[in-house]
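In the working numbering, the protein residues as written are 1255 to 1700. Cβ coordinates follow ideal geometry from the N, Cα and C atoms, glycine included. These figures come from a predicted structure and were not determined experimentally. Below: the structure, in C-alpha cells.
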Ligand SMILES: NC(=O)c1ccc[n+]([C@@H]2O[C@H](COP(=O)([O-])OP(=O)(O)OC[C@H]3O[C@@H](n4cnc5c(N)ncnc54)[C@H](O)[C@@H]3O)[C@@H](O)[C@H]2O)c1
C-alpha cells in the first residue's frame, strides 16, 4: 500500500476535505489536491489568521461560505465534506478531532494526537464509536526507507531483532528555531519535546519491534545550553542589536536574515512572518519585535534539548533512543538494528544489511519516486505525499487498511511516549501499562 495506493482509488469524484488550521502543515497536506485534483478537493478552511485562510482559499478556489475563523462554527454546519485535516497547534487537537469524528468526518490528525494520554484515548474512542477512519500525521511510517527496514526485518534478513539503536539529530538551528524561540519551546503552550518531536521516533521503534510490546522504560534529559546562565558576556537581548552576534551560531540574523537576502523564503523564514509573505522588510520587523529575534539565552523555553529513552520489549528486545539538538544534520535519523543473524544500518537514505553467515553486505536504496516531482509535498523525504496518498485512497475506497498510522498502533506508541516522559520526570523505571490494548481501538469500519 502507500506508494501503490493511488492505483487502488476507484471513486469517480474527488474526496472532499476541509482543513482546520491552515498553517505549514495544513497547506502542505492541501497541496495534494493541487497535484491530484481528480482525487482530492479542498472545500473548506477554518483558521483565525486571515492571511492563512485567504491563502488556502485562493490556492484551492474555496467558496466564501466555506471559510471560517473558528472550527466550532464549521463543525456546527451540516456535514459538507468526506474528511477533515486537523493541523492546529498541539494543544488544539483533541476537541476538534472528537467533534468532527462525531459529525462523521474521517479524520487526518496531525501528530502528536493530543497532549495527554487521556485525550489521545478519547480521540480514538470517538473515531471508533463514530465508525470513521483516523490517520495520524506519523509521516515517517510512509517513508520508503522506513518501510524497507520493516520489510527486511519481517523477511528475517537479520534474524530475531535483539536491539534497536535510533538517533534523531534535530539540528542546531532547527532546534533554536522551533524549540527555543518558536512554537514548541514551552511545554505549557505546546507539549514536551519527546512528544512534540520524537513521537515519530518512538513510533518507529515500536513499529520495528513488531508484535512485541514494551514492558519497561527509562528516560533522562534536560534543557541544556539554551539558558540564561549560558549567555555569553556582552550578548544583547535581541540578535539585531547584539555586539557578539557574529560569533554566535544561533544568531537570528544568520538563521533568517541571511536566508531571505539570498532569496530563500521557505522554511524556517516563512514561519516567522505569520501575517505576510516574507521579504527583507517583514523579516527585519519580525526580528526586531517578534519571538524569533530573541537571544536564545533569553527565551521562555523549557523543553529538553537532549533526551534518551531506554526500552525493554517482550522477549528481551532492547531499544535505545537519543534526541539531540546539537547536530549538523537536520532530522536525518540514524538507525542500527542488531539481529541474531545480521546487522541492519540506515543513514536515512540507504539501508545496509550485513549477514553474519556470508559476511557480506547488501545495500538497499528505496526510491521515493513520484513525490520528487512534487516539490510542494517533498517534505520528510516524500513521506508527506505518501501519507496523503494513502489517506485519500482509504477514504475513496472506504478501506482503512491503507492507513499505516491508524488508531491502534498510534495510540500505543503515544502511550509509550507518555510513559517515557513519566520516567524522566519521576526519575524511575516505568513499567508499561496495558492501556490501549483493547481491540476496540482498531481502525475498522462496519
Ligand atoms: N507530521 C509532522 O512531521 C509535523 C511537522 C510539523 C508540525 N506538525 C504538527 O502539526 C500541527 C501544526 O503545526 P504547523 O507547523 O502547521 O503550525 P502552524 O502554526 O504553522 O499552523 C497552525 C495553524 O492553526 C491555526 N489555528 C490556531 N487556532 C485555531 C483554531 N481555533 N481553529 C482553526 N485554526 C487554528 C493557526 O492560526 C495556524 O495557522 C502541530 O500539532 C505540529 O506539532 C507535524
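Same chain, Cβ closer than 8 Å to residue i, five either side skipped, listed in chain order
| i | result |
| --- | --- |
| residue 1373 | 1347, 1348, 1367 |
| residue 1426 | 1503, 1504, 1579, 1580, 1581, 1582 |
| residue 1380 | 1351, 1352, 1355, 1356 |
| residue 1491 | 1548, 1549, 1552 |
| residue 1371 | 1668, 1669, 1672, 1689 |
| residue 1537 | 1510, 1511, 1514, 1523, 1526, 1527 |
| residue 1466 | 1567, 1568, 1569, 1571 |
Opposing strand residues paired with residue i [DSSP bridges]
| i | result |
| --- | --- |
| residue 1599 | 1590, 1606 |
| residue 1561 | 1475, 1577 |
| residue 1338 | 1272, 1361 |
| residue 1419 | 1574, 1590 |
| residue 1389 | 1362 |
| residue 1300 | 1274, 1322 |
| residue 1682 | Bridge partners of residue 1682: none, in fact. |
| residue 1468 | 1567 |
| residue 1395 | Its beta-bridge partners do not exist; DSSP assigns none. |
| residue 1492 | 1548 |
Other residues of its chain near residue i: CB distance less than 6 Å, five sequence neighbours each side excluded
| i | result |
| --- | --- |
| residue 1456 | 1667, 1670, 1671 |
| residue 1529 | 1305 |
| residue 1325 | 1274, 1300, 1350 |
| residue 1390 | 1363, 1365, 1367, 1659, 1664 |
| residue 1609 | 1596 |
| residue 1649 | 1269, 1336, 1337, 1360 |
| residue 1570 | none |
| residue 1497 | 1488 |
Cβ-based burial, residue i [other Cβ within 10 Å; buried from 16]
| i | result |
| --- | --- |
| residue 1685 | exposed |
| residue 1478 | exposed |
| residue 1573 | buried |
| residue 1615 | exposed |
| residue 1385 | exposed |
| residue 1432 | buried |
| residue 1311 | buried |
| residue 1635 | buried |
| residue 1682 | exposed |
| residue 1329 | buried |
| residue 1422 | buried |
| residue 1358 | exposed |
| residue 1629 | exposed |
| residue 1451 | buried |
| residue 1412 | buried |
| residue 1290 | buried |
| residue 1266 | exposed |
| residue 1446 | buried |
DSSP state of residue i mapped onto helix, strand, coil
| i | result |
| --- | --- |
| residue 1280 | helix |
| residue 1449 | helix |
| residue 1295 | strand |
| residue 1615 | strand |
| residue 1676 | helix |
| residue 1568 | helix |
| residue 1459 | helix |
| residue 1628 | coil |
| residue 1551 | coil |
| residue 1483 | helix |
| residue 1424 | coil |
| residue 1345 | helix |
| residue 1317 | coil |
| residue 1585 | coil |
| residue 1435 | helix |
| residue 1414 | coil |
| residue 1658 | coil |
| residue 1307 | helix |
| residue 1441 | coil |
| residue 1240 | In the structure as shown, the chain starts at 1255 and stops at 1700, and residue 1240 therefore has no counterpart that could be examined. |
| residue 1499 | helix |
| residue 1256 | Low local confidence applies: a pLDDT of 39 at residue 1256 is under 50, so the model's placement there is unreliable, with the coordinate-based value given in what follows. Reduced to three states, the DSSP call for residue 1256 is coil. |
| residue 1540 | helix |
| residue 1429 | helix |
Distance cut-off 7 Å: residue i Cβ against heavy atoms of ligand 3
| i | result |
| --- | --- |
| residue 1352 | What this structure holds is ligand 1, not ligand 3. |
Contacting residues, own chain, Cβ-Cβ under 7 Å from residue i (five flanking each side not counted)
| i | result |
| --- | --- |
| residue 1560 | 1475, 1478, 1577, 1578, 1579 |
| residue 1302 | 1323, 1324 |
| residue 1499 | 1493, 1505, 1507 |
| residue 1396 | 1256, 1637, 1640, 1641, 1644, 1658 |
Proximity test, Cβ basis, 8 Å: residue i and chain D
| i | result |
| --- | --- |
| residue 1266 | Among the chains of the structure shown, chain D does not appear; only one protein chain is present. |
With a cut-off of 8 Å, do at least 3 Cβ pairs link the stretch 1593–1600 to the stretch 1467–1487?
-> No, the stretch 1593–1600 does not touch the stretch 1467–1487.
Is there contact between the stretch 1431–1445 and the stretch 1534–1551, where contact requires at least three CB pairs shorter than 8 Å?
-> Verdict: yes, contact present.
Count the CB pairs spanning the stretch 1398–1411 and the stretch 1438–1457 that are closer than 8 Å, and state whether there are at least three.
-> The stretch 1398–1411 is not in contact with the stretch 1438–1457.
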